[in-house]
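J.:
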Amino acid sequence: EPEVTQTPSHQVTQMGQEVILRCVPISNHLYFYWYRQILGQKVEFLVSFYNNEISEKSEIFDDQFSVERPDGSNFTLKIRSTKLEDSAMYFCASDVLNYGYTFGSGTRLTVV
Amino acid sequence: SQQGEEDPQALSIQEGENATMNCSYKTSINNLQWYRQNSGRGLVHLILIRSNEREKHSGRLRVTLDTSKKSSSLLITASRAADTASYFCATDGSTGGFKTIFGAGTRLFVKA
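Residue numbers (the working numbering), protein chains in the order written: chain A, 995 to 1106; chain B, 6 to 117.
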């Protein structure tokens, strides 16, 4: 069964450093998403991406965040200057068209 | 907010019993989805029900949707220990945007 692949599975970074979280969505999917889940809390929407541009973004997705689909297969989330409160599980998801998302296994980001 | 809110927050049952989880939401939707999350893992899509559907089945899962009450229920019949997980409902908006919002989830514990 097709999978969404996320790398790395765990990343530790110093506060203020830039991180790039990588995702390979399912190849025929057209819609891409990033969500995050702080330990023990809700799954929070960050951003959706379609046709090479951001479709929607949440209040969390401020100027420190950016997304890219650089080569037609990878979908990346960049955090420019990490803060302690960015520590969370970050999930990538993809979808054909509202048939239900396929999520990756997540990247656990720890900011120290 | 269009968030779904699940009820109960936690549910503990014996193996073989049925588990019912409810979800309420606030705004009009195009579809409602249910996901499962095992501890610390990614989310797994279970069922998507569209706003013009009232009931949907998938194996031991039965989902109902009442748009007049803005509520949905997920029934797991003949539960198994492996069903132990958190269950989330997720709603899109009817505005055509690309954003699905998750509720806080119901933690289900099935005792063997």
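Using N, Cα and C, we set each Cβ at its ideal position, and we do this for glycine too.
Whether or not the region 995-1005 of chain A and the region 1092-1102 of chain A are in contact is what I'm after, with contact meaning three or more pairs of Cβ atoms, one per stretch, closer than 8 Å; do they touch?
T.: yes
J.: Determine the extent of the beta strand (DSSP E) in which A:Tyr1029 is found, giving its start and end residues.
T.: Tyr1025 to Gln1031
J.: Three-state secondary structure (DSSP) at A:Glu1079?
T.: helix
J.: Cα-Cα, which of B:Glu22, B:Leu48, B:Glu60 and B:Lys75 is closest to B:Ser33?
T.: B:Lys75
J.: Report all residues from its chain with a CB closer than 7 Å to the CB of B:Ser6; omit the five preceding and five following residues, and keep chain order.
T.: Annotation note: pLDDT 47 at B:Ser6 (below 50); position unreliable, no value reported.
J.: Go through its chain and collect everything with a Cβ distance to A:Gln1011's Cβ below 7 Å, but skip five positions before and after it.
T.: Thr1076
J.: Measure the Cβ-Cβ separation of A:Thr1070 and A:Cys1017 and say whether it is below 8 Å.
T.: In this structure, A:Cys1017 lies closer than 8 Å to A:Thr1070 by Cβ.
J.: Does A:Asp1080 pass the burial test, meaning 16 or more other C-beta atoms within 10 Å, or should it be called exposed?
T.: buried
J.: By the 7 Å beta-carbon criterion, what residues does the region 1022-1042 of chain A contribute toward chain B?
T.: Listed in sequence order: Tyr1025, Lys1036, Val1037, Phe1039 and Ser1042.
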